[in-house]
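Q:
Chains as they are written, first to last, in my numbering: chain G, 1 to 105; chain Y, 1001 to 1478.
Here it is as structure tokens:
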């Protein structure tokens, strides 16, 4: 991350805290993780953090983020919280869901 | 083969889990199918959530079975306050570990969908809740909400099918509520997946009068009542009113009660009405029906018994004043707490509400005699059939409680058909008709007994007068 930015970019691009809820290492969940990793590397280089939560290990956590579908990706930061469900196979939709402007990347 | 074996005939009684809801367990011969899902469908405000919650609360409190309430529409606080009026303390049960409430909220606007998913999160939450409480009962209210929250109906259908299978495999007695659809039982066709038992709730408002009805549409492997049964939601919770809860097995008393009019007792086999029986007194306006009711009340109070008097036409004050004119003072009985009036405008509430109120007062006051003056007033809030059905339930309840019921009925006009009486008289043990006719330019009051089960009674028409000393027959020899 550059300490100084060109003047046209008003502010430093925000960091993303993402939480991926899975339930066991199913193909769907693993696919979602791989897709997420790839998208983040490409569009959110150096400004993202992924937390993975396996609901089979921490079932009580499902309530807090109102998780129903698996896999579910929750954008915790920046607020407001947004959710993307599914295996994240459509990159454009994932970016739209995360509200990442591709042009600025 | 030595024995012919007919597998089709070996009906194995299926296990049932009582709902604890008065009447429903009778209709279903014991409750909902244990270890299987039951679908409860109905329109908005039909009482689905209350029925489902009652099943859980009663399970936890009366039958030692913990429960999980997974709610998709209201949060825990909202549900708790909804059912608090029925005397259910959800937070208390949650505290005791007998109930687990999980509110599942889905906000479509904040969810983006891309690619495949399943509802494992829902399963995880359910499993967690079931483990935390050791639940045997589960309610999903209303799981159909998922269809408006999530876009992929195919995934949802497959997952719901899996969920119901899962509940069954775990041996959980589940209640799934669903919104009524157009021409179908449920909007999303859940009846296709949940087919062990289906209960339909209906809430109709006809001429500003509300009626709730319940029907068991399907109950695999079990006999069940197929009628539409009225049900009530009152401060005692939910109760379904089976047509005949007593199954005609109540004990008929041989004890007799004075009608309060000596000569009428003579006409009634010399001893009066049977205790626990039902008496119908019909006649046109001003024939003396209320006077006869008052006599009966007075006689019961003299014996130290309690009388509950439902009054639809006048105020208690008015009635007491009028009875003083025939030399009867009911006020001391009121003061002594033996006579209790319930004066209500019939139009104030629907039939079911009247029924509920009657049940409550009989339950609370525990009278030995209940008077309804006049049942025909109820016709202003219901059809003849509805009133008859309601009376049948009142009578059932009175008989089971060994309360003697006295019903007055206003015959519309002299020459009009006695349709109402014909409808309800079959429910009555004794039927007395009072008339006020002009004979030879003289107005004459007369009374006759049309029927009185279980006794030899007078078949003659007897003239009577309303005197300073009450109702007096001119010829009381029977």
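For every residue, glycine included, the Cβ atom is placed at its ideal position computed from N, Cα and C. Since this is a predicted model, take the numbers as computed values, not measurements.
Who are the neighbours of residue 89 of chain G on chain Y, taking C-beta pairs under 8 Å?
A: Correct list: 1114, 1115, 1116.
Q: From the DSSP secondary-structure annotation, give me the bridge partner or partners of residue 106 of chain G.
A: Here chain G covers residues 1 to 105 and nothing more, so residue 106 of chain G does not appear.
Q: Tell me, please, which residues DSSP counts as bridged to residue 1213 of chain Y.
A: Paired residues: Y:1202, Y:1230.
Q: For the alpha helix (DSSP H) that contains residue 1079 of chain Y, what are its first and last residues?
A: Its alpha helix (DSSP H) spans residues 1076-1084.
Q: Alpha carbon to alpha carbon, how far is residue 1110 of chain Y from residue 1365 of chain Y?
A: Computed Cα separation, rounded: 56 Å.
Q: Could you check whether residue 1306 of chain Y and residue 1368 of chain Y sit closer than 9 Å to each other, using their CB atoms as the reference points?
A: Contact: yes.
Q: Go through its chain and collect everything with a Cβ distance to residue 1041 of chain Y's Cβ below 6 Å, but skip five positions before and after it.
A: Within the same chain, residue 1041 of chain Y has close Cβ partners 1178, 1180, 1185, 1186, 1200.
Q: Return the CA-CA distance between residue 1379 of chain Y and residue 1424 of chain Y, expressed in angstroms with no decimal places.
A: When rounded, the distance between both Cα atoms is 12 Å.
Q: Considering only C-alpha positions, which residue in the set Y:1073, Y:1129, Y:1235, Y:1155 is nearest to residue 1087 of chain Y?
A: Among Y:1073, Y:1129, Y:1235, Y:1155, the Cα nearest to that of residue 1087 of chain Y is on Y:1235.
Q: Buried or exposed: where does residue 1317 of chain Y fall if 16 or more other Cβ atoms within 10 Å of its Cβ makes it buried?
A: Flag for residue 1317 of chain Y reads exposed.
Q: Mind pulling the chain Y residues with CB within less than 8 Å of residue 71 of chain G?
A: Chain Y residues near residue 71 of chain G: 1117.
Q: Using Cβ-Cβ distances below 8 Å, what residues of the segment 1150-1174 of chain Y are close to chain G?
A: Per Cβ criterion, the list reads 1150.
Q: Please list the partners that residue 1111 of chain Y has in chain G, where partner means a Cβ-to-Cβ separation under 9 Å.
A: Those are 69, 72, 82, 83, 84, 85, 97, listed as they occur along chain G.
Q: Rounded to the nearest angstrom, what separates residue 1204 of chain Y and residue 81 of chain G at their Cα positions?
A: If I take the Cα positions, the gap works out to 42 Å.
Q: If you follow the alpha helix (DSSP H) that residue 43 of chain G is in, where does it begin and where does it stop?
A: Segment 27-43, the alpha helix (DSSP H) holding residue 43 of chain G.
Q: Report the CB separation of residue 68 of chain G from residue 1106 of chain Y in whole angstroms; it is logged as a contact under 8 Å.
A: Right, their Cβ atoms sit about 6 Å apart.
Q: Whole angstroms is fine: what's the gap from residue 1092 of chain Y's alpha carbon to residue 72 of chain G's?
A: Each residue's Cα considered, the two are about 33 Å apart.
Q: Count the other CB atoms within 10 Å of the CB of residue 1429 of chain Y; is the residue buried (16 or more) or exposed (fewer)?
A: Buried.
Q: I need the straight-line Cα distance from residue 1471 of chain Y to residue 1456 of chain Y, nearest angstrom please.
A: Cα-Cα distance, rounded: 22 Å.
Q: Can a CB atom of chain Y be found closer than 9 Å to the CB of residue 28 of chain G?
A: Interface residue, yes.
Q: Could you run through the segment 1087-1109 of chain Y and flag, in chain order, every residue whose CB is less than 9 Å away from some CB of chain G?
A: Under the 9 Å Cβ criterion, the segment 1087-1109 of chain Y contributes 1102, 1103, 1104, 1105, 1106, 1107.
Q: For chain G, is any of its Cβ atoms less than 9 Å away from the one on residue 1124 of chain Y?
A: True, the Cβ-Cβ gap to chain G drops below 9 Å.
Q: Straight-line CA distance for residue 1359 of chain Y to residue 1342 of chain Y?
A: Distance between the alpha carbons of residue 1359 of chain Y and residue 1342 of chain Y: 12 Å.
Q: Using only CA atoms, which one of G:57, G:75, G:56 lies nearest to residue 65 of chain G?
A: Minimum Cα distance to residue 65 of chain G is reached at G:75.
Q: Put residue 1448 of chain Y into one of helix, strand or coil per three-state DSSP.
A: In this structure, residue 1448 of chain Y counts as strand in the three-state DSSP scheme.
Q: Can you check whether the C-beta of residue 1121 of chain Y is within less than 9 Å of a C-beta belonging to chain G?
A: Interface residue, yes.
Q: Report back the beta-carbon spacing between residue 1195 of chain Y and residue 1220 of chain Y to the nearest angstrom; my notes put them in contact at under 8 Å.
A: Contact flag correct, Cβ pair sits at about 7 Å.
Q: Distance check for residue 1050 of chain Y and residue 1089 of chain Y, CA to CA, integer angstroms please.
A: One C-alpha to the other measures close to 13 Å.
Q: Thinking C-beta only, is residue 1048 of chain Y closer than 9 Å to residue 1118 of chain Y?
A: Their beta carbons are not under 9 Å apart, which means residue 1118 of chain Y does not touch residue 1048 of chain Y by this criterion.
Q: Any beta carbon from chain G within less than 9 Å of residue 1127 of chain Y's own beta carbon?
A: Output row for residue 1127 of chain Y: interface = yes.
Q: Alpha carbons only, please: which of G:34, G:57, G:40, G:46 is nearest the one belonging to residue 24 of chain G?
A: The candidate whose alpha carbon is nearest that of residue 24 of chain G is G:57.
Q: For a test of the three-state rule: what should DSSP assign to residue 1072 of chain Y, helix, strand or coil?
A: The answer is coil: DSSP assigns residue 1072 of chain Y none of H, G, I, E or B.
Q: Would you give the residue range spanned by the alpha helix (DSSP H) that residue 1053 of chain Y belongs to?
A: It spans 1048-1062 - the alpha helix (DSSP H) in which residue 1053 of chain Y sits, taken as one unbroken run.
Q: Tell me the residue span of the alpha helix (DSSP H) that contains residue 1088 of chain Y.
A: That residue, residue 1088 of chain Y, is in no alpha helix (DSSP H); it is neither H nor E in DSSP.
Q: Consult DSSP for residue 1320 of chain Y and reduce its assignment to one of helix, strand or coil.
A: Residue 1320 of chain Y: helix per DSSP, three-state reduction.
Q: Are at least three pairs of beta-carbons, each pair with one atom in the segment 1391-1410 of chain Y and one in the segment 1274-1286 of chain Y, less than 8 Å apart?
A: With a cut-off of 8 Å, the segment 1274-1286 of chain Y and the segment 1391-1410 of chain Y count as touching, because enough Cβ pairs lie within range.
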